[in-house]
Amino acid sequence: MPITSIVPGILVFLTLLSDVFIALVLISFVIKIPLVEDLKLSLRKNHLLLAFIISLTATLGSLFYSEILGYTPCKLCWFQRIFMYPLPIIFGIALKKKDLRIKHYIIPLAVIGALIAAYHYSVQVFQFTTTCGANSEVPCNVVYSFELGYITIPMMALTAFILIIILVYKKAI
2 MPITSIVPGI LVFLTLLSDV FIALVLISFV IKIPLVEDLK LSLRKNHLLL AFIISLTATL
62 GSLFYSEILG YTPCKLCWFQ RIFMYPLPII FGIALKKKDL RIKHYIIPLA VIGALIAAYH
122 YSVQVFQFTT TCGANSEVPC NVVYSFELGY ITIPMMALTA FILIIILVYK KAI
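Here this note's numbering is used: the first residue of the sequence shown is 2, the next is one more, and so on.
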């Protein structure tokens, strides 16, 4: 089986798993779920490493879609990349130096990236006709991948940004 069919499946699976986790974290604010509480405790210990892995996976995933599969990124994709690509570098340095004070740098990047990804996802889902600017090659409403009835590339980015926010903000809540 070629890598071009394996990697997208893995990214979709990771997105689905992450979305379930995000939903459980949100529900646990209202109802205490022992399993989620235990999971959050264990995530606090390795929150920087997990955030590094998530940001690196998102970065490499976006490069896979554009450089290996040949999907041309639209302007909103590029804006999301602007906010995601520095994160593995920042997390890598923080891990090396054991610096836990990076949330003031990470949270703004992740929140802005998440807002752009959420807007991009809504453009795709509601099929707004937009080219994201006068000189854009690719309209932002082009959907290259649509899995499980909701997972698109912007949804993958949105999920990654939200996970990073959860992990960094108060060390996994």
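Note that the Cβ used here is the ideal one computed from N, Cα and C, for glycine as well. Please read these numbers as outputs of a predicted model, since none were measured by experiment.
In its own chain, which residues sit with a C-beta less than 6 Å from the C-beta of residue i, not counting the 5 before and 5 after it?
i, result
"L88", "S56"
"S19", "T160, L164"
"L15", "none"
"Q81", "G114, I117, A118, A158"
"W79", "none"
"I23", "I163"
Please work out which residues of its chain come closer than 7 Å, Cβ to Cβ, to residue i, disregarding the five sequence neighbours upstream and downstream, and give them in chain order.
i, result
"L51", "L44, L168"
"V1", "Here the chain comprises residues numbered 2 to 174, so residue 1 is not present and cannot be evaluated."
"Y86", "T60"
"L127", "The displayed chain sequence assigns Phe, not Leu, to residue 127. Cβ neighbours of F127 beyond the five flanking positions: none."
"S146", "P9, T153, I154"
"E138", "T73"
With a threshold of 16 other CB atoms inside 10 Å of the CB of residue i, please say whether the residue is buried or exposed.
i, result
"I107", "buried"
"P35", "exposed"
"P9", "buried"
"P74", "buried"
"I117", "buried"
"R102", "exposed"
"L77", "buried"
"I166", "buried"
"S6", "exposed"
"F84", "buried"
"F162", "buried"
Under 8 Å Cβ to Cβ from residue i, same chain only, skipping five residues before and after it: list those, please.
i, result
"I94", "D100"
"E38", "S29"
"A135", "Residue placement at A135 cannot be trusted, given a pLDDT of 49 that sits under 50; what the coordinates show is reported in the next sentence. Excluding sequence neighbours, A135 sits near nothing in its chain."
"L17", "L149, I152"
If I'm right that residue i touches residue j with Cβ under 8 Å, what's the distance once you round it to whole angstroms?
i, j, result
"L12", "F53", "The Cβ separation is near 17 Å, so there is no contact."
"F92", "L49", "6 Å"
"Y170", "K104", "6 Å"
Is residue i near the ligand MG, going by C-beta to nearest heavy atom under 7 Å?
i, result
"L110", "As far as ligands go, the structure on display features none, and thus does not contain the ligand MG."
At which residue ranges does the region 76-122 contain complete alpha helix (DSSP H) runs of 4 or more residues, listed in the order of the chain? 76-85, 87-98
Do the region 150-163 and the region 115-127 touch if we need at least three Cβ pairs shorter than 8 Å?
-> yes
Between the region 57-68 and the region 28-39, do three or more beta carbon pairs fall short of 8 Å? no
- prompt: Are the region 63-78 and the region 93-111 touching, with three or more C-beta to C-beta distances below 8 Å?
  reply: no
*asked:* Please give the ranges of any alpha helix (DSSP H) in the region 39-66, keeping only runs that are unbroken, at least 4 residues long and fully inside the region.
replied: 48-64
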